[in-house]
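Asks:
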Amino acid sequence: MTAMSKTATHMLRVAPQPGFISLPIFRALSRTSRSSRQRANQEWHQARNCASDSQHKFSLAEEIKQATREGRRFRFDKSLLTEAEKHMLRLRSKSIPLVADSEPLEILFEDDTFLVVNKPPFLKMHPSHRFEGGSVLNRAIGYLGYPPRLLHRLDMHTTGVVVLSKTKEVCQPIMEQFMQGLVKKEYLCVVDGCWSQQPGSSFVVDAPIQRAHIKYVREIGESKEDSKPARTIYTILDKSESKQMMLLRAAPQTGRTHQIRVHAASQSLPIIGDDLYNPKEHAMYSSYEEINAAARDETLGKYGDGNPLRKGLKLHAWTISFENPLNSEPLTFSAAPPTHMSNLFEWCGMSAPER
Numbered sequence: 007m008t009a010m011s012k013t014a015t016h017m018l019r020v021a022p023q024p025g026f027i028s029l030p031i032f033r034a035l036s037r038t039s040r041s042s043r044q045r046a047n048q049e050w051h052q053a054r055n056c057a058s059d060s061q062h063k064f065s066l067a068e069e070i071k072q073a074t075r076e077g078r079r080f081r082f083d084k085s086l087l088t089e090a091e092k093h094m095l096r097l098r099s100k101s102i103p104l105v106a107d108s109e110p111l112e113i114l115f116e117d118d119t120f121l122v123v124n125k126p127p128f129l130k131m132h133p134s135h136r137f138e139g140g141s142v143l144n145r146a147i148g149y150l151g152y153p154p155r156l157l158h159r160l161d162m163h164t165t166g167v168v169v170l171s172k173t174k175e176v177c178q179p180i181m182e183q184f185m186q187g188l189v190k191k192e193y194l195c196v197v198d199g200c201w202s203q204q205p206g207s208s209f210v211v212d213a214p215i216q217r218a219h220i221k222y223v224r225e226i227g228e229s230k231e232d233s234k235p236a237r238t239i240y241t242i243l244d245k246s247e248s249k250q251m252m253l254l255r256a257a258p259q260t261g262r263t264h265q266i267r268v269h270a271a272s273q274s275l276p277i278i279g280d281d282l283y284n285p286k287e288h289a290m291y292s293s294y295e296e297i298n299a300a301a302r303d304e305t306l307g308k309y310g311d312g313n314p315l316r317k318g319l320k321l322h323a324w325t326i327s328f329e330n331p332l333n334s335e336p337l338t339f340s341a342a343p344p345t346h347m348s349n350l351f352e353w354c355g356m357s358a359p360e361r
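In terms of our numbering, the sequence shown opens at residue 7 and continues consecutively.
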């Protein structure tokens with residue numbers, strides 16, 4: 007082999023391949039500052055996100071056009087986002103602090119672990135999104151300066167005792183107590199109807215509950231997949247034959263949505279002020295939104311104080327009992343009924359219950 011061919015062979019052996027970075031160039035890149043690499047990385051991700059957003063907007067526009075042609079109602083589908091993008095959205099949303107409300111709460115008990123409050127009528131338990139206020143949780147944040155954890159929930163129109171946790175350690179043990187039926191809760195309710203049984207008598211409603219065809223409404227039944235067993239023990243505390251009403255203590259043995267209200271209505275004893283399950287109340291409304299608006303006006307006193315029947319749902323979370331997971335100490339908390347229920351007791355000639 008000639009000298010020329012040896013040189014050519016050597017040159018072919020060391021010729022850069024596609025994508026190959028020579029040593030001098032590699033060293034130059036290695037000396038690039040960290041901030042420059044980060045900036046380049048950010049620009050790359052921004053370009054990718056812009057391209058991704060454009061693709062999603064295009065897909066969304068095409069979906070809207072197709073739905074319009076077919077006469078369908080269009081709803082935004084989260085499946086247009088990748089799992090990684092969904093995860094990023096969740097992380098970013100959680101980084102936004104919840105709204106702190108300055109409105110006061112009626113504090114029933116407080117220590118280093120628990121905050122127990124008396125929930126007023128027409129106050130949600132938690133906000134629908136992170137920018138919304140006007141809930142028990144938002145008021146608790148305003149009081150404590152940080153977000154506690156709700157250990158249970160009440161319907162928006164229901165008043166009474168609510169327990170929040172200041173620490174994470176007790177949440178799971180108390181949730182397990184709920185699952186095992188070890189948490190005992192008692193409610194007070196005034197119902198439309200008067201039975202012949204005397205105060206002290208009890209009756210049990212053991213009937214499954216499922217979603218109704220109307221949004222947010224529940225019904226007795228087991229024909230649907232979401233039907234779940236439900237059991238409530240009612241005790242007659244007092245009654246007014248002249249007003250055809252009774253004061254009941256309700257002890258739910260399960261925790262279904264609207265359970266006490268649905269079970270009472272199933273016995274032809276709908277709760278006074280219940281715009282969903284009392285036929286006398288909801289006959290004038292055509293939607294759940296109208297019911298909520300009317301209930302809010304009544305609760306806030308828009309219609310005055312002349313008629314105690316038209317002052318909110320007569321359902322009150324009276325007591326709750328559970329075991330403190332930190333020291334196994336039994337705890338019981340109770341909340342006095344709200345003014346609109348006390349006024350109804352007096353109007354009916356019934357005695358307010360005592361613990």
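Virtual Cβ for every residue (Gly too), placed ideally from N, Cα, C.
Being a predicted model, the structure only gives us computed values, none of them experimental.
Just tell me which of A358, A90 and P331 has its CA closest to the CA of V176.
Replies: Ranking the options by Cα distance to V176, first place goes to P331.
Asks: Please determine, among P127, L150, N144 and T88, the residue with the shortest C-alpha to C-alpha distance to D117.
Replies: D117 has its Cα closest to that of L150, out of P127, L150, N144 and T88.
Asks: Could you name the residues that DSSP lists as bridge partners for C195?
Replies: L254 and L321.
Asks: How is T173 classed by DSSP in three states: helix, strand or coil?
Replies: In this structure, T173 counts as coil in the three-state DSSP scheme.
Asks: Count the other C-beta atoms from every protein chain shown that fall within 10 angstroms of the C-beta of F339, then say buried if there are 16 or more, exposed otherwise.
Replies: It counts as buried.
Asks: Whole angstroms is fine: what's the gap from P276's alpha carbon to T165's?
Replies: If you take the alpha carbons of P276 and T165, they lie about 17 Å apart.
Asks: Could you check what DSSP says for F328 in three-state terms: helix, strand or coil?
Replies: In this structure, F328 counts as strand in the three-state DSSP scheme.
Asks: Just mark A368 as buried or exposed, buried being the case when its beta carbon has 16 or more other beta carbons within 10 Å.
Replies: With the chain running from 7 to 361 in the structure shown, residue 368 is simply not present.
Asks: In angstroms, rounded to a whole number, what distance separates the CA positions of G261 and E352?
Replies: Rounded to the nearest angstrom, the two C-alpha atoms are 31 Å apart.
Asks: Would A257 pass as a contact of K125 if the rule is Cβ separation under 9 Å?
Replies: No, they are not a contact pair.
Asks: Between D280 and L319, which are expected to be in contact by the criterion C-beta below 8 Å, what is the C-beta distance as a whole number of angstroms?
Replies: About 6 Å separates the two Cβ atoms, so the contact holds.
Asks: Write down the C-beta distance between D232 and R217 rounded to the nearest angstrom, noting that I regard them as a contact closer than 8 Å.
Replies: D232 to R217, Cβ: 5 Å. Contact.
Asks: State the beta-bridge partners of P336 as determined by DSSP.
Replies: In the DSSP output, where bridge partners are listed per residue, P336 has E329.
Asks: Check for me: the beta strand (DSSP E) holding T241 runs from which residue to which?
Replies: That run of the beta strand (DSSP E) goes R237 to S246.
Asks: Would you kindly work out how many angstroms separate the C-alpha atoms of E360 and V196, rounded to a whole number?
Replies: Going from the Cα of E360 to the Cα of V196 covers about 15 Å.
Asks: Express the C-alpha separation of S327 and G148 in angstroms, rounding to a whole number.
Replies: If you take the alpha carbons of G148 and S327, they lie about 26 Å apart.
Asks: Got a sec? Which residues, its chain only, sit under 8 Å from H322 by beta carbon, not counting five neighbours each side?
Replies: Within the same chain, H322 has close Cβ partners T164, T165, G166, Y193, L194, C195, A341, P343, P344 and M347.
Asks: Tell me which residues share the same chain as P235 and place their Cβ nearer than 6 Å to its Cβ, disregarding the 5 neighbours each side in the sequence.
Replies: Cβ neighbours of P235 beyond the five flanking positions: P214.
Asks: Rounded to the nearest angstrom, what separates G139 and R224 at their Cα positions?
Replies: Distance between the alpha carbons of G139 and R224: 27 Å.
Asks: Closer than 7 Å by C-beta to S272: which residues in its own chain qualify, once you throw out the five before and the five after it? Chain order, please.
Replies: The answer, listed in chain order, is V211, A213 and I226.
Asks: Looking only at its own chain, which residues have a Cβ that is under 8 Å from the Cβ of P285, when we skip the five neighbours before and after it?
Replies: P276, listed in sequence order.
Asks: Name the one or two DSSP bridge partners that V122 has.
Replies: DSSP, once it has assigned bridges, lists F115 and V169 as partnering V122.
Asks: Would you mind working out which of F115, I239, T119 and T238 sits nearest N333, comparing C-alpha positions?
Replies: Closest by alpha carbon: T119.
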